[in-house]
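Undergrad: For reference, the structure I am asking about is given below.
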Amino acid sequence: MNSTTPDWLAVHPARDDEVLYVDVDGYEGPLDLLLDLARRQKVDLSRISVLALAEQYLDFIETVREKRIEVAADYLVMAAWLAYLKSRLMVPALPSDPEPTGEMMAALLQFRLARLEAMRRAAMQLVNRPRLGREVHARGQPEAFRFERRHQFEASLYDLLKAYATQREKAVPQDYHLFERSVWSLAEAREILQRLIGDSMDWVPLDTYLDHYLGNPDQRRTAMASSFASSLELARQGHIELRQTLSFGPLLLRRRRDETGTGDGK
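First residue of the sequence shown: 124, per the numbering used here; consecutive thereafter.
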């Protein structure tokens, strides 16, 4: 500072007892101020002297008001409450007093200070964590890999011929075995039909005579076809008579009457 600077503009270093009081706006509230005063005692919050803490706070507020520094209403409310707490701690509690005792109020204040200390410690831990982009960095974009499949076949001439022969063997048709069916000849069918009809003069359906043979699937078709052809031949020769009363109805057969000596040829 040169000699030309007026004395009222000169910056004088603050005394140690004034540093705390000037920086009132540095606290977030009266509870924060109490926490700072408690830290200055360098003892555990659970063992702090609430009475001594209240006296320090009241002295602080009084000093600030003497220096004509504007104090927020919250600080004054806290000062009034601490003054009340101080009086409760110094005066013995009456048994009939409904208000909480000074020890209970002091314990509540210690709890609030401990909770504020825990919150500030947790906030400090969060702030001091490694931050992305400063202490730690994200992993870079991984490089993409392209895969291209190429098939390479290795086969000798023998392998090709063997594969070709295998495919040709699959294409060759297998041996065909002809299924042999039993077939009635017309002579056999005529003999069987004459034996079944006998001397019967009643009209009987052809299916009834062949009921024993029609039950066999292998002989059903040949029995019907050969027996029908044989019945037409026997009717043409005059040995039997045929009749069909309905279209697609059963074919009825009987022995011709004149062959038995009792018919009239009808």
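Note that the Cβ used here is the ideal one computed from N, Cα and C, for glycine as well. These figures come from a predicted structure and were not determined experimentally.
1. Between L333 and M324, is the Cβ-Cβ spacing less than 9 Å?
2. CA-CA distance, K209 and V250?
3. When we look at the beta-carbon of L232 and count the other beta-carbons within 10 Å, is it buried (16 or more) or exposed?
4. Is it buried or exposed, Q179, if we count other Cβ atoms within 10 angstroms and call 16 or more buried?
5. Restricting to runs no shorter than 4 residues, where is the alpha helix (DSSP H) found entirely within the stretch 196 to 233?
6. Is S305 near L329, with beta carbons less than 9 Å apart?
7. Between which two residues does the beta strand (DSSP E) holding E314 run?
8. Taking the alpha helix (DSSP H) that L357 belongs to, which residues open and close that run?
9. Expressed to the nearest angstrom, what Euclidean distance is found between the alpha-carbon atoms of Q264 and Y287?
10. Counting along the chain, where does the beta strand (DSSP E) carrying L337 start and finish?
11. For my contact list, R379 and I363 are in at a C-beta cut-off of 8 Å; report their separation, rounded to the angstrom.
12. If you reduce the DSSP assignment to three classes, tell me which class L365 lands in.
13. Under 9 Å, do L316 and S350 count as touching if we go by C-beta distance?
14. Is V327 helix, strand or coil when you go by DSSP?
15. Using C-beta distances below 8 Å, list every residue in its chain close to R343, excluding the 5 sequence neighbours before and after it, in chain order.
16. Please confirm whether E222 and R211 have their CB atoms less than 9 Å apart.
17. State buried or exposed for M242, treating a residue as buried only when at least 16 other CB atoms are found within 10 Å of its CB.
18. Taking the straight line between their C-alpha atoms, what separation do you get for D298 and E277?
19. Grab me the residues of P373's own chain with a C-beta within less than 8 Å of its C-beta, minus the 5 sequence neighbours each way, in chain order.
20. Give me whichever residues DSSP pairs with R378 in a beta bridge.
21. Could you pull out every residue in the same chain whose Cβ sits closer than 7 Å to the Cβ of L174, ignoring the five residues on either side in sequence?
22. Among the residues of its own chain, which have a CB less than 8 Å from the CB of L199, if the five just before and after it don't count?
23. I need the DSSP call for V295, collapsed to helix, strand or coil.
24. Report the rounded CA-to-CA distance for L357 versus E314, giving the unit in angstroms.
TA: Working from what's here:
1. Counted from its first residue, the sequence shown places residue 333 at position 210. Counted from its first residue, the sequence shown places residue 324 at position 201. One thing to note: L333 has its Cβ no nearer than 9 Å to the Cβ of M324.
2. Your numbering for residue 209 matches position 86 in the sequence shown. Your numbering for residue 250 matches position 127 in the sequence shown. Answer to the nearest angstrom: the Cα atoms are 37 Å apart.
3. Here the question's residue 232 lines up with position 109 in the sequence shown. Per the 10 Å Cβ criterion, buried.
4. The residue labelled residue 179 in the question sits at position 56 within the sequence shown. Q179 should be labelled buried.
5. 196 to 213
6. Numbered from 1 along the sequence shown, position 182 holds the residue referred to as residue 305. Numbered from 1 along the sequence shown, position 206 holds the residue referred to as residue 329. No, Cβ-Cβ distance for S305 and L329 is not below 9 Å.
7. Translated into the one-based positions of the sequence shown, residue 314 becomes position 191. Element bounds for E314: not the beta strand (DSSP E) but the alpha helix (DSSP H), 309 to 320.
8. Position 234 of the sequence shown, counted from the first residue, corresponds to residue 357. Per DSSP, L357 belongs to the alpha helix (DSSP H) from 340 to 360.
9. In the sequence shown, residue 264 corresponds to position 141, counting from 1. In the sequence shown, residue 287 corresponds to position 164, counting from 1. Their Cα atoms are separated by approximately 52 Å.
10. As a working mapping, residue 337 is identified with position 214 in the sequence shown. Run containing L337: none in the beta strand (DSSP E); it sits in the alpha helix (DSSP H), 334 to 337.
11. Numbered from 1 along the sequence shown, position 256 holds the residue referred to as residue 379. Numbered from 1 along the sequence shown, position 240 holds the residue referred to as residue 363. With 8 Å as the limit, R379 and I363 qualify as a contact, their Cβ atoms being about 6 Å apart.
12. Within the sequence shown, residue 365 is the residue found at index 242, counting from 1. Strand at L365.
13. Position 193 of the sequence shown, counted from the first residue, corresponds to residue 316. Position 227 of the sequence shown, counted from the first residue, corresponds to residue 350. Yes, the Cβ-Cβ distance between L316 and S350 is below 9 Å.
14. As a first step, residue 327 must be located in the sequence shown, where it is residue number 204. V327: strand per DSSP, three-state reduction.
15. Reading the sequence shown from its first residue, position 220 is the one you call residue 343. If we look at R343 and ignore the five residues flanking it on each side, its Cβ neighbours are Y336, L337.
16. For this step, residue 222 is matched to residue 99 along the sequence shown. For this step, residue 211 is matched to residue 88 along the sequence shown. Going by beta carbons, E222 and R211 fall inside the 9 Å limit.
17. Along the sequence shown, read from residue 1 onward, the residue named residue 242 stands at position 119. Label assigned to M242: exposed.
18. As a first step, residue 298 is located in the sequence shown; it is residue number 175 there, counting from the start. As a first step, residue 277 is located in the sequence shown; it is residue number 154 there, counting from the start. Whole-angstrom Cα-Cα distance: 36 Å.
19. The count along the sequence shown starts at 1 and reaches residue 373 at position 250. Closer than 8 Å at the Cβ level, and outside the excluded window around P373, lie P328, L329, D330, Q367.
20. Indexing the sequence shown from 1 puts residue 378 at position 255. According to DSSP, R378 bridges with I363.
21. In the sequence shown, counting from the first residue as 1, residue 174 sits at position 51. Closer than 7 Å at Cβ, skipping near neighbours: K209, L212.
22. Here residue 199 refers to the residue found at position 76 when the sequence shown is read from its first residue. Closer than 8 Å at Cβ, skipping near neighbours: I184.
23. Within the sequence shown, the letter at position 172 stands for residue 295. In the structure shown, V295 sits in coil (DSSP, three-state: anything other than H, G, I, E or B).
24. Taking the sequence shown and counting its residues from 1, one reaches residue 357 at position 234. Taking the sequence shown and counting its residues from 1, one reaches residue 314 at position 191. Computed Cα separation, rounded: 10 Å.
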